[in-house]
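Asks:
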Amino acid sequence: MKHSQNINGRVTYTITLLVLFEVIRKSFGLEVEPMFYSLFPVMIFSYYIFDIFSFNTKYRYREFLISGFLNGFIFYILMTYYKETALILGYFLYTVVQNIIKCSYHSLFTSIEKVILLTDGKNPKLEEAIENSTKFCYEGSVDIGDIDKVKAMNPDEVIYPIEMSGRIVNEIFNLKMSGIKVKDSMVFLQEVEGKIDVDSLSKSWVNSAKGFEVLSSGVEQRIKRFLDILMSIIILLISFPFVVFTYFLVKLENPKKFFSNPAFFKQKRIGAGGKEFQIIKFRSMRLHNPEEHSKYAGKKDDRITNVGKFIRKTRLDELPQIINVLKGEMSFVGPRPEWNELGRDYEKKINMYKVRYAVKPGLTGWAQVMYPYGANLEDAKKKLEYDIYYIKHQNVILDIIILFKTVKVVLFGKGI
-2 MKHSQNINGR
8 VTYTITLLVL
18 FEVIRKSFGL
28 EVEPMFYSLF
38 PVMIFSYYIF
48 DIFSFNTKYR
58 YREFLISGFL
68 NGFIFYILMT
78 YYKETALILG
88 YFLYTVVQNI
98 IKCSYHSLFT
108 SIEKVILLTD
118 GKNPKLEEAI
128 ENSTKFCYEG
138 SVDIGDIDKV
148 KAMNPDEVIY
158 PIEMSGRIVN
168 EIFNLKMSGI
178 KVKDSMVFLQ
188 EVEGKIDVDS
198 LSKSWVNSAK
208 GFEVLSSGVE
218 QRIKRFLDIL
228 MSIIILLISF
238 PFVVFTYFLV
248 KLENPKKFFS
258 NPAFFKQKRI
268 GAGGKEFQII
278 KFRSMRLHNP
288 EEHSKYAGKK
298 DDRITNVGKF
308 IRKTRLDELP
318 QIINVLKGEM
328 SFVGPRPEWN
338 ELGRDYEKKI
348 NMYKVRYAVK
358 PGLTGWAQVM
368 YPYGANLEDA
378 KKKLEYDIYY
388 IKHQNVILDI
398 IILFKTVKVV
408 LFGKGI
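Here the sequence shown stands for residues -2 to 413, where the numbers follow the working numbering.
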């Protein structure tokens, strides 16, 4: 999936729209009210949800239609609250100016860079990452032994392998001094796809790489724990009717055995430090003997009940895990906790798999919003690449981004 979202463009665009929103307020003589300013973040969030808040592609005319609809909803609330019909004009002015700004910012913040791979052979993973990105144009690869050819191709950026001889290091240094951007393949994949190549990962790289501050920052950990407890209490209060509804929904899957039919599912998972704990979820599968079935649960697994399909899709099955969060076994955001039997197997088969145990597992995570449902060893490996990226870059801002992405996944079944 594409990861580059042009943060600078989004921040600048948000600030510009806030100024425009304030100009509308003053122009129509609206009093300063909490209602007015509380609608602005709602509007920005709706842009995000409906995918008109990024600068990855050229401006699309559908953005005008979608923003027109969303703005209409916001301005209807304002007209109702202020009883000012002249805001109809304000709505049209805001929508037109907002889209002119968006179109202009697309030209300013969206640029295509010519990229060359410096390699000693084929690297399909890097080639695919470049070709799938809207930010780069793949100009081909150049053999490490023919580095003089790079300048003649006049690239904007050169991607080089992590391990190089002393002569190649000097050549790349000369390229950088000539004004060409250079990046190693690990850094490039992080920036483009938001993941770290597990095959190239080593303990020495982790030791020397920037990041991983959350592992040694007591302040960050305390802030994260405070937010986990606060959010758990708030969500428990808000979601209590849904908890009761889901409980009876699962029990009624088999009305004849209402009292004996278990609503909850408990399973041993691997948490922080590799310690095992018992996760709690609403049961979404029919009762069965785990030894007689595959360890992997696919999307179309025949063990999933009709109710299970619904609560999985809406994530209602995850609600009981808030208890795990309150107990300190999980966090709201982190790598998803793996079933202990699968996890112990992955530890033997996947390079650096235990790195994911450095933080608490989460209700949702970077891998969950960046990669589709996984049901085999290769999927587990790819998800680990996103999990390690999260551990390396984790902070409060990234956690908030993941929570926003999760909302989008729940609503539309896809991330950004």
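Even for Gly, the Cβ is constructed at its ideal location relative to N, Cα and C.
None of the values given here were measured: they were computed from a predicted structure.
Using the C-alpha atoms, what's the distance from K248 back to K254?
Replies: Approximately 8 Å, taken between the alpha carbons.
Asks: Taking P158 as the reference, give the member of Y102, L114, Y78 with the closest Cα.
Replies: Ranking the options by Cα distance to P158, first place goes to L114.
Asks: Specify the secondary structure class of S1 as computed by DSSP and reduced to three states.
Replies: Here the model assigns S1 a pLDDT of 47, short of 50, so the residue's position is not dependable, and the following value carries that caveat. Correct three-state label for S1: coil.
Asks: Below 6 Å CB to CB, which residues in the same chain sit around F72 once its five sequence neighbours on both sides are set aside?
Replies: L84, Y88, listed in sequence order.
Asks: Take the Cβ of D299 as the centre, count every other Cβ of all protein chains shown within 10 Å, and call the residue buried at 16 or more, exposed below.
Replies: Exposed.
Asks: Could I get the ranges of all uninterrupted beta strand (DSSP E) runs contained in the stretch 135 to 202, with 3 residues as the minimum, in chain order?
Replies: If we require 3 residues or more, the beta strand (DSSP E) runs fully inside the stretch 135 to 202 come out as 154 to 157, 178 to 181.
Asks: Could you check where the alpha helix (DSSP H) with G359 kicks off and where it finishes?
Replies: Run containing G359: none in the alpha helix (DSSP H); it sits in the beta strand (DSSP E), 359 to 361.
Asks: Excluding the five sequence neighbours on either side, which residues of its own chain have a C-beta within less than 6 Å of the C-beta of I109, listed in chain order?
Replies: The answer, listed in chain order, is C134.
Asks: Can you list, in chain order, the residues of its chain with a C-beta nearer than 6 Å to that of D225? Leave out the 5 residues immediately preceding and following it.
Replies: Taken in chain order, the residues that qualify are V322, S328, F329.
Asks: Mind checking who I113 pairs with in its DSSP beta bridge?
Replies: DSSP lists V155 as partners of I113.
Asks: Specify, as a first and last residue, the run of the beta strand (DSSP E) that L256 falls within.
Replies: Going by the sequence as given, residue 256 is Phe instead of Leu. Neither: F256 is in no beta strand (DSSP E) and is coded neither H nor E.
Asks: Can you say whether I193 is buried or exposed, counting buried as having 16 or more other CB atoms within 10 angstroms of its CB?
Replies: With 16 or more other Cβ atoms within 10 Å, it is buried.
Asks: With 16 as the cutoff for other CB atoms within 10 Å, does V216 come out buried or exposed?
Replies: It counts as exposed.
Asks: To the nearest angstrom, how far is it from the Cα of I397 to the Cα of K221?
Replies: Going from the Cα of I397 to the Cα of K221 covers about 11 Å.
Asks: In chain order, what residues of the same chain have a beta carbon less than 6 Å from the beta carbon of L67, not counting five sequence neighbours either side?
Replies: The residues are S43.
Asks: Would a check of beta-carbon distances place L360 closer than 7 Å to chain B?
Replies: Looking at the structure shown, chain B is missing, and only one protein chain is on hand.
Asks: Could you work out which residue in F50, I232, V155 is closest to T9 when comparing CA atoms only?
Replies: The option with the nearest alpha carbon to T9 is F50.
Asks: Would you mind stating whether H103 and Y56 have Cβ atoms separated by less than 7 Å?
Replies: Contact: yes.
Asks: Assuming F106 and N5 make a contact with CB atoms under 8 Å, what is their CB distance in whole Å?
Replies: Rounded, the Cβ-Cβ distance is 7 Å, consistent with contact.
Asks: With a threshold of 6 Å on Cβ separation, who are the neighbours of I63 within its own chain once the five nearest residues in sequence on each side are excluded?
Replies: Hits under 6 Å: F47, I49.
Asks: Taking the alpha carbon of V406 as the point to measure from, which residue in K310, P317, A377 has its own alpha carbon closest?
Replies: It is K310.
Asks: What's the C-alpha gap between F245 and A260?
Replies: Near 8 Å, if we compare the C-alpha coordinates of A260 and F245.
Asks: In angstroms, rounded to a whole number, what distance separates the CA positions of K379 and Y370?
Replies: Spanning the two alpha carbons is a distance of roughly 11 Å.
Asks: Just to check my reading of the structure: K111 and E136 have Cβ atoms closer than 8 Å, yes? What is that Cβ distance to the nearest angstrom?
Replies: Right, the Cβ-Cβ distance comes to about 5 Å (below 8 Å), so this counts as a contact.
Asks: Whole angstroms are fine: how far does the CA of V240 sit from the CA of Y79?
Replies: Their backbone Cα atoms lie some 38 Å apart in a straight line.
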